[in-house]
Structures are given as structure tokens and as C-alpha cells.
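Asks:
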Amino acid sequence: MKAKNLLGTAFLIILLMGSSASAYNPTHLNRLLQTKQCSSCDLTFADFRGKDLSGADLSFSDLRGANLYRANLNGANLQGAKLSGATMPDGNVHP
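The opening position of the sequence shown corresponds to residue 3 in the numbering used here, with each subsequent residue numbered one higher.
Structure follows, in C-alpha cells:
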């Protein structure tokens, strides 16, 4: 019984460690929202629904899994950005 509990606890720790690695960096998110400058930032799975990111520097940032639904990305620098899995329907993107 103890081994079963230990195994369950170990699995939970591994699961939690894995999920924390796939979330955005709060410092990077705050910097982007305040300055619109966030080159090489970790913004994975961040929620930008309806946000004005026009003119933002997101070059080489990790936006995988981010929600960019109806985000304004007019003039945003997305050069080298990772966008796989990002939600972008109705997004406004004009480089």
C-alpha cells in the first residue's frame, strides 16, 4: 500500500512539473502588456483575446498555444516567433 501511495505521489509531482514548464513567464507577459516589447519571450499558452498588440515586438518569442483570438497584431514583429497551436481566427495581422 505504501509503495502504491509513493508511486501516485511521484506521478503527481512529475505531472505538475511538466505543466508548469508549458505556461508563460509572468514577467514576460507583464513586460509585453506594459511596453509592447518582448523579443525572445516565453508566452506559451498566454491569453491575448481582444488585446491590442499592434506594433508589438514579439520577434523570436514562443507563442505556441497562445490565444490570439481577435487580437490586434497590426504591425507586430512576429519574425521567428513560434506560433504552432496558437488560436488566431479573426485575428488582425498586417505586418
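Even for Gly, the Cβ is constructed at its ideal location relative to N, Cα and C. Only a predicted model underlies this, so the values are computations on that prediction, with no experimental measurement involved.
Hey, how far is the Cα of residue 40 from the Cα of residue 78?
Replies: The straight-line gap from Cα to Cα measures roughly 11 Å.
Asks: Can you tell me which of the three DSSP states residue 29 falls into?
Replies: Residue 29 falls in the helix class under three-state DSSP.
Asks: Count the other C-beta atoms from every protein chain shown that fall within 10 angstroms of the C-beta of residue 42, then say buried if there are 16 or more, exposed otherwise.
Replies: Answer is exposed; the Cβ neighbour count stays below 16.
Asks: By Cβ distance below 6 Å, which residues in the same chain neighbour residue 56 in space, the five residues on each side in sequence not counted?
Replies: 74, 76 and 77, listed in sequence order.
Asks: Look at the alpha carbon of residue 51 and the alpha carbon of residue 31, and state the distance between them as a whole number of angstroms.
Replies: So the alpha carbons of these two residues sit roughly 13 Å apart.
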